[in-house]
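Residue numbers (the numbering used here), protein chains in the order written: chain A, 1 to 224; chain L, 225 to 468.
The structure is reproduced here in structure tokens:
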């Protein structure tokens with residue numbers, strides 16, 4: 001058993017963990033960009049845009065993540081097939097990343113909005129008085145100050161995102177959970193395999209939360 | 225673009241899954257709460273023998289995806305001969321009970337964290353005053369500490385309720401026909417995933433939105449500030465009546 005583990009099954013799980021990490025990283029990137037745009041829209045946007053952004057968050061909050069993933073995976077296939085006229089098979093990785101990024105953005109936008117609002121108004125007024133354009137004010141003055149405030153909530157969401165990648169297994173992407181299902185089918189030792197997977201997840205999430213803890217301490221330098 | 229007829233036909237079939245979704249959510253929340261209360265006290269305990277295991281349990285459960293926990297209970301436990309031959313096997317073989325056990329244990333960790341936080345917020349002096357009046361530890365908790373902590377915990381617990389309702393959708397991955405499971409079945413019959421999952425999403429949205437509205441009403445009713453206002457209003461009215 002040990003030999004089989006060292007040669008193949010263990011590697012398969014580690015490979016799955018690698019897929020989990022890359023799905024999480026790419027989804028985090030897109031989700032942050034989209035979430036930040038939505039957050040800025042909720043803060044600065046005119047009323048109709050604000051309502052659309054609020055409705056988006058409310059809908060994603062009210063629907064299970066699995067439904068969002070199914071909708072994007074199966075719905076995306078159909079939409080693209082109708083659009084292009086021939087059958088398009090959506091890649092599980094792309095669909096998974098898209099679904100997780102959409103979900104992440106819905107929650108992150110609220111965190112970004114409240115962080116942007118907490119930046120003292122004087123900062124952007126001063127930037128305005130110095131003649132900085134609005135976009136420069138946002139990216140160079142407000143955002144660097146808002147990051148520190150957003151960090152704890154953003155960190156929590158990122159750890160939730162890592163755990164949510166396991167849901168992508170339902171659309172067949174071989175990340176850690178799906179790899180565990182495959183390995184446990186081969187070894188007939190499901191408890192042992194899932195326990196190993198749980199330890200791998202625990203290692204990933206606790207490393208991430210340790211890193212976030214360090215980042216929070218670092219971001220608070222100079223603040224009482 | 226959207227086939228409304230498919231949506232209308234899918235709707236009654238999906239509604240049949242709502243009952244199971246509701247039953248799962250209620251049982252998970254009850255099971256989670258039963259474990260969470262002692263867990264929260266252990267988490268706040270001074271003794272390392274109580275504090276350590278409780279913190280470790282919460283740490284492990286919160287660090288691992290809940291779908292993995294569901295698989296661990298449903299597929300994993302069957303690996304052991306002693307479980308398969310035990311009297312509990314009918315429970316561990318049944319996906320319904322497996323979901324309740326797995327998600328209940330999961331919810332317990334999050335709920336315990338909420339309750340432990342609320343218990344820490346109740347001022348120490350209340351505890352000391354109650355003990356000085358001769359109330360036993362249990363009486364103090366039941367009559368003084370828990371009612372106050374419950375109100376403090378309510379806003380966070382509301383969130384946990386909504387998350388639990390959404391988490392029941394994981395039951396569909398181990399063959400149960402809850403709302404998500406019913407939607408998957410409907411998709412395999414109609415080949416119209418777009419329409420069916422949109423309808424299912426809309427039903428979920430109605431459930432969670434109504435639930436959070438009701439819970440917010442409850443919270444307003446129970447909030448300490450409102451109590452104070454109501455009390456003042458009653459005194460004022462009594463005062464006015466005395467004058468009349």
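Every residue, glycine too, gets a C-beta built ideally from N, C-alpha and C.
Between the CA atoms of residue j and residue i - distance to the nearest angstrom
i: residue 155 of chain A; j: residue 147 of chain A; result: 11 Å
i: residue 74 of chain A; j: residue 97 of chain A; result: 14 Å
i: residue 302 of chain L; j: residue 161 of chain A; result: 30 Å
i: residue 372 of chain L; j: residue 359 of chain L; result: 17 Å
i: residue 222 of chain A; j: residue 151 of chain A; result: 16 Å
i: residue 258 of chain L; j: residue 127 of chain A; result: 55 Å
i: residue 16 of chain A; j: residue 174 of chain A; result: 6 Å
i: residue 349 of chain L; j: residue 440 of chain L; result: 30 Å
i: residue 12 of chain A; j: residue 236 of chain L; result: 43 Å
i: residue 34 of chain A; j: residue 48 of chain A; result: 18 Å
i: residue 306 of chain L; j: residue 274 of chain L; result: 29 Å
i: residue 118 of chain A; j: residue 124 of chain A; result: 12 Å
i: residue 106 of chain A; j: residue 393 of chain L; result: 19 Å
i: residue 171 of chain A; j: residue 177 of chain A; result: 12 Å
i: residue 346 of chain L; j: residue 169 of chain A; result: 43 Å
i: residue 102 of chain A; j: residue 351 of chain L; result: 47 Å
i: residue 36 of chain A; j: residue 59 of chain A; result: 18 Å
i: residue 166 of chain A; j: residue 20 of chain A; result: 8 Å
i: residue 54 of chain A; j: residue 112 of chain A; result: 13 Å
i: residue 41 of chain A; j: residue 109 of chain A; result: 9 Å
i: residue 505 of chain L; j: residue 344 of chain L; result: Because residue 505 of chain L is not part of the residues shown, which for chain L are 225 to 468, the question remains open.
i: residue 122 of chain A; j: residue 38 of chain A; result: 23 Å
i: residue 14 of chain A; j: residue 384 of chain L; result: 32 Å
i: residue 316 of chain L; j: residue 248 of chain L; result: 16 Å
i: residue 435 of chain L; j: residue 136 of chain A; result: 43 Å
i: residue 361 of chain L; j: residue 355 of chain L; result: 7 Å
i: residue 334 of chain L; j: residue 443 of chain L; result: 20 Å
i: residue 410 of chain L; j: residue 238 of chain L; result: 8 Å
Close Cβ partners of residue i (< 8 Å) along its chain, the five nearest in sequence each way excluded
i: residue 408 of chain L; result: 396
i: residue 227 of chain A; result: With chain A represented from 1 up to 224, any question about residue 227 of chain A goes unanswered, as that position is not in the structure.
i: residue 190 of chain A; result: 184
i: residue 226 of chain L; result: 418, 419 and 422
i: residue 9 of chain A; result: 183, 186, 187 and 193
i: residue 319 of chain L; result: 298, 395, 398, 399 and 400
i: residue 279 of chain L; result: 267
i: residue 296 of chain L; result: 326
i: residue 159 of chain A; result: 205, 208, 209 and 212
Neighbourhood of residue i by C-beta, 6 Å cutoff - its chain only, sequence neighbours within 5 removed
i: residue 467 of chain L; result: Because the pLDDT of residue 467 of chain L is 49, which lies under 50, any placement of that residue in the model is unreliable, and the question is left without a value.
i: residue 99 of chain A; result: 68, 69 and 72
i: residue 30 of chain A; result: 101
i: residue 330 of chain L; result: 285, 290 and 293
Cut-off 7 Å between Cβ atoms - residues of its own chain near residue i, not counting five sequence neighbours on either side
i: residue 244 of chain L; result: 400, 401 and 402
i: residue 340 of chain L; result: 264, 267 and 268
i: residue 416 of chain L; result: 227 and 230
i: residue 87 of chain A; result: 81
i: residue 261 of chain L; result: 339
i: residue 32 of chain A; result: 108
i: residue 251 of chain L; result: 324
i: residue 342 of chain L; result: 373, 376 and 377
Buried versus exposed call for residue i [16 or more other C-beta atoms within 10 Å across all chains shown]
i: residue 390 of chain L; result: buried
i: residue 311 of chain L; result: exposed
i: residue 144 of chain A; result: exposed
i: residue 308 of chain L; result: exposed
i: residue 62 of chain A; result: buried
i: residue 201 of chain A; result: buried
i: residue 405 of chain L; result: buried
i: residue 314 of chain L; result: exposed
i: residue 204 of chain A; result: buried
i: residue 214 of chain A; result: exposed
i: residue 24 of chain A; result: buried
i: residue 412 of chain L; result: exposed
i: residue 271 of chain L; result: exposed
i: residue 241 of chain L; result: buried
Contact test: residue i Cβ vs the ligand PLP heavy atom, cutoff 6 Å
i: residue 223 of chain A; result: Judged by which ligands are present, the structure shown has none, so any question about the ligand PLP falls away.
Quick check for students: name the residue ranges of the alpha helix (DSSP H) that lie wholly in the segment 36-96 of chain A, counting only runs of 4 or more.
Fully enclosed alpha helix (DSSP H) runs of 4 or longer: 47-62, 65-70 and 76-84.
Could you tell me which whole alpha helix (DSSP H) segments of length 4 or greater appear in the segment 301-351 of chain L?
Within the segment 301-351 of chain L, the complete alpha helix (DSSP H) segments of 4 residues or longer fall at 305-308, 313-317 and 319-345, listed in chain order.
At a cut of 8 Å, does the segment 314-331 of chain L reach the segment 182-198 of chain A through at least three beta carbon pairs?
Under the Cβ criterion (8 Å, minimum of three pairs), the segment 314-331 of chain L does not count as touching the segment 182-198 of chain A.
Are three or more beta carbon pairs between the segment 207-216 of chain A and the segment 118-134 of chain A nearer than 8 Å?
Of all C-beta pairs linking the segment 207-216 of chain A to the segment 118-134 of chain A, fewer than three are shorter than 8 Å, placing the two stretches out of contact.
Would you call the segment 417-424 of chain L and the segment 231-238 of chain L touching, i.e. three or more CB-CB distances under 8 Å?
Counting Cβ pairs under 8 Å, three or more are found: they touch.
Touch test, the segment 325-336 of chain L against the segment 282-296 of chain L, Cβ-Cβ under 8 Å, three pairs minimum:
The count of Cβ pairs closer than 8 Å, one atom from the segment 325-336 of chain L and one from the segment 282-296 of chain L, reaches three, so the stretches are in contact.
Within 8 Å, do at least three Cβ pairs link the segment 77-84 of chain A to the segment 174-188 of chain A?
No, they do not touch.
Segments assigned alpha helix (DSSP H), at least 4 residues, entirely inside the segment 265-291 of chain L:
Whole alpha helix (DSSP H) segments, 4+ residues: 272-287.
Check whether the segment 89-96 of chain A and the segment 427-434 of chain L are in contact - that is, three or more C-beta pairs closer than 8 Å.
Cβ pair count under 8 Å is below three, so no.
Please specify which runs of the alpha helix (DSSP H), each continuous and at least 4 residues long, are wholly inside the segment 117-147 of chain A, giving them in chain order.
Segments of the alpha helix (DSSP H) lying fully in the segment 117-147 of chain A: 121-129.
For a minimum of 4 consecutive residues, which ranges assigned as the alpha helix (DSSP H) are wholly contained in the segment 149-218 of chain A?
You should have 176-187.
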